[in-house]
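Asker: Counting from 137, one number per residue, gives the positions in the sequence shown under this note's numbering.
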Amino acid sequence: MKITEFISQAEKTLFSFEILPPLKGQSLKDLCEGIEPLMEFNPPFVDVTYHREEFIYKKHPNGLLEKVSTKKRPGTVGICAAIMNRFQVDAVPHLLCGGFSREETENALIDLNFIGVQNVLALRGDAPKSENKFVPEPDGHSYTKDLVSQIVGMNKGRYLHEETETGFHTDFCVGVAGYPEKHFEAPSLKFDLKHLKAKVDAGAEYIVTQMFFDNQKYFEFVKKVREAGITIPIIPGLKPITTLGQITMLPRTFFLDLPDALMDELEKCSTNADVKQVGIEWAIQQSKELIAAGTPCLHYYTMSKADATYKIATEVF
Ligand code: FAD
137 MKITEFISQA EKTLFSFEIL PPLKGQSLKD LCEGIEPLME FNPPFVDVTY HREEFIYKKH
197 PNGLLEKVST KKRPGTVGIC AAIMNRFQVD AVPHLLCGGF SREETENALI DLNFIGVQNV
257 LALRGDAPKS ENKFVPEPDG HSYTKDLVSQ IVGMNKGRYL HEETETGFHT DFCVGVAGYP
317 EKHFEAPSLK FDLKHLKAKV DAGAEYIVTQ MFFDNQKYFE FVKKVREAGI TIPIIPGLKP
377 ITTLGQITML PRTFFLDLPD ALMDELEKCS TNADVKQVGI EWAIQQSKEL IAAGTPCLHY
437 YTMSKADATY KIATEVF
């Protein structure tokens, strides 16, 4: 079913979560262990992230450098099929501009349509760690708005290299990302919202936000999004902090602030277990406040580990 339909038919706030495809070599069993406990809370959909290959340069004895790919997380289509089959839940693959030509995007969408995927989250992706600027593939999309247009075009039967519309068409519901604390490349929130509006005008039907730890920033963001004339559902993304390392890593990686009250509690922690406790409690309070405000769905970034999200959902749903 489409995410917009789940939301419009829901009588209370929905629970959903995101998982990462396993690294090559890991089994589907590991992945399922990160999903199984959370099925108790009846998520209508589970997001599956997509990760570009990262490259390193290996030096050979003759001095030549070889570019080799590391950290592969292959098989989004297969993973979506496996999750849908095993758990009878809608899988939502993340689809990137980065690393894909238009042709490859079309092929991926045809595969996803074949296996019964009905929703995709369209994203630009970031530059690989070895590069400092996002560069699209030759004939790839520079911005998500153009990826949304391609998907919506296929929904209308517009495939590449077809001179006339084919009569066949996909029927994807397309989600896009929103940033309560602004996307890091955008010079201002107003600029970012203008381009969010362009994604919606291109056909996006719902927004999932970047994680945030201060609900006030989310509420202000929603207000500004509505003032910009965007009316589609906005799903907040939540992440419980679970390790000491994440206290610095999350702000650095996702360009967000941790509120003073949260930091005051985290600074008292000396072990990962202490941090996890604080992180879970904070996320429970955030979740309760968001539900009280009538938020349509809460979306948890689990990093494929169920335990923290399970504890939150037990208290909240
Ligand atoms: P866009 O909407 O294209 O925007 C990128 C930047 O360009 C913004 O600053 C925007 O303001 C600006 N911009 C847009 N259009 C224009 C224009 N025409 N001219 C000038 N500037 C413009 N990354 C992954 O690699 N894999 C994932 O699975 C993944 N999942 C994510 C899920 C969520 C919910 C979120 C919030 C992010 C996710 N990301 C993922 C990260 C995402 O790929 C990055 O944040 C990326 O840098 C931006 O993607 P976007 O779709 O928001 O880009």
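Backbone N, C-alpha and C define an ideal beta-carbon position, used for all residues, glycine too.
Under 8 angstroms, do Pro-372 and Leu-426 count as touching if we go by C-beta distance?
Answerer: Result yes, Cβ atoms of Pro-372 and Leu-426 sit closer than 8 angstroms.
Asker: What residues in its chain sit with their C-beta under 8 angstroms from that of Met-347, if we drop five residues either side in the sequence?
Answerer: Result list for Met-347: Gly-373, Leu-374, Lys-375, Leu-386, Phe-390, Leu-392, Tyr-437, in chain order.
Asker: Regarding Thr-185 and ligand 1, is the C-beta to nearest heavy atom distance less than 7 angstroms?
Answerer: At least one heavy atom of ligand 1 is nearer than 7 angstroms to the Cβ of Thr-185, so yes.
Asker: Is it true that the CB of Gln-352 sits closer than 8 angstroms to the CB of Phe-308?
Answerer: Not closer than 8 angstroms, so no.
Asker: In the DSSP assignment, the alpha helix (DSSP H) including His-331 goes from what residue to what residue?
Answerer: Segment 325-338, the alpha helix (DSSP H) holding His-331.
Asker: Flag Gln-286 as yes when its Cβ comes closer than 7 angstroms to any non-hydrogen atom of ligand 3, and as no otherwise.
Answerer: For the structure depicted, ligand 3 is absent and the ligand set comprises only ligand 1.
Asker: Roughly how many angstroms separate the alpha carbons of His-435 and Ile-246, rounded to a whole number?
Answerer: So the two alpha carbons sit approximately 27 angstroms from each other.
Asker: Let me check understanding here. Comparing Cα to Cα, which of Gly-293, Ile-139, Ser-163 lies closest to Gly-214?
Answerer: Looking at the Cα atoms, Ser-163 is the closest of the given residues.
Asker: Would you mind sorting Leu-159 into buried or exposed? The rule is 16 or more other CB atoms within 10 Å of its CB.
Answerer: The residue in question, Leu-159, is exposed, as its Cβ has fewer than 16 Cβ neighbours within 10 Å.
Asker: Expressed to the nearest angstrom, what Euclidean distance is found between the alpha-carbon atoms of Gly-339 and Glu-176?
Answerer: One C-alpha to the other measures close to 33 angstroms.
Asker: How would you write the range of the beta strand (DSSP E) that Met-347 sits in, first residue to last?
Answerer: Counting along the chain, the beta strand (DSSP E) containing Met-347 begins and ends at 342-347.
Asker: What residue does the alpha helix (DSSP H) around Tyr-279 start on, and which one ends it?
Answerer: Segment: none, Tyr-279 is in no alpha helix (DSSP H) and carries neither H nor E.
Asker: Terminal residues of the continuous beta strand (DSSP E) containing Val-312?
Answerer: That run of the beta strand (DSSP E) goes 309-314.
Asker: Tell me the residue span of the beta strand (DSSP E) that contains Val-253.
Answerer: No beta strand (DSSP E) contains Val-253, which DSSP labels as neither H nor E.
Asker: Skipping 5 residues on each side, what residues in its chain have a beta carbon closer than 6 angstroms to that of Asp-350?
Answerer: If we look at Asp-350 and ignore the five residues flanking it on each side, its Cβ neighbours are Pro-395.
Asker: Indicate the three-state DSSP secondary structure (helix, strand or coil) for Asp-183 in the structure shown.
Answerer: Of the three classes helix, strand and coil, the one that applies to Asp-183 here is strand, per DSSP.
Asker: Using the Cα positions of Phe-151 and Leu-167, report the straight-line distance between them to the nearest angstrom.
Answerer: Phe-151 and Leu-167: Cα-Cα distance of roughly 19 angstroms.
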